């Protein structure tokens with residue numbers, strides 16, 4: 721059974737987003753999601769893309785979720801911490817898919833709540849882009 725609606729898959733295809741799904745865990749993995757240039761590093765090297773794992777809620781699209789997971793683990797190039805994130809260690813709420821450990825990013829959208837039957841996968845991708853653009857998690 722598909723995780724998303726047909727209209728969501730159309731959005732992903734039109735945007736040329738490379739993705740995969742794991743139905744049993746309800747994982748949607750957005751591959752090589754673009755990161756803002758110059759903000760992130762991984763393994764002490766600049767990175768401009770990461771895989772993003774998003775758990776599609778069973779009640780999608782009544783709820784859009786408020787967390788996503790990233791591989792590889794990202795660090796800010798300026799050395800500042802990224803709030804509300806967890807690492808790959810046990811008890812840090814990571815997710816594993818195809819042997820890759822994805823690190824948690826928790827972001828809440830109280831000022832812009834999910835609009836059932838209006839919001840869609842584009843909203844999710846816009847929220848993820850916003851979170852990467854503003855890693856201090858402040859609006």
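Numbering (the numbering used here), first residue to last: 721 to 859. Beta carbons are placed, not taken as given, at the ideal position from N, Cα and C, and that holds for glycine. Given the structure is predicted, the values throughout are model-derived calculations rather than measurements.
Rounded to whole angstroms, how far is the Cβ of residue i from the Cβ of residue j, which I believe are closer than 8 Å?
| i | j | result |
| --- | --- | --- |
| residue 791 | residue 820 | 5 Å |
Among the candidates the options, whose CA atom is the shortest distance from the CA of residue i?
| i | options | result |
| --- | --- | --- |
| residue 826 | 729, 847 and 722 | 847 |
| residue 806 | 797, 798 and 788 | 788 |
| residue 831 | 857, 768 and 741 | 857 |
| residue 738 | 744, 752, 747 and 745 | 752 |
| residue 853 | 744, 769 and 725 | 769 |
| residue 765 | 786, 798 and 773 | 798 |
| residue 777 | 855, 743, 735 and 794 | 743 |
So what does residue i bridge to, in DSSP terms?
| i | result |
| --- | --- |
| residue 769 | 754 |
| residue 825 | 788 and 805 |
| residue 725 | For residue 725, which the question treats as bridged, DSSP gives no partner whatsoever. |
| residue 776 | Partner(s): none; residue 776 has no beta bridge. |
If you measure between the beta carbons of residue i and residue j, is that distance less than 8 Å?
| i | j | result |
| --- | --- | --- |
| residue 731 | residue 840 | yes |
| residue 771 | residue 749 | yes |
| residue 783 | residue 834 | yes |
| residue 813 | residue 824 | yes |
| residue 729 | residue 844 | no |
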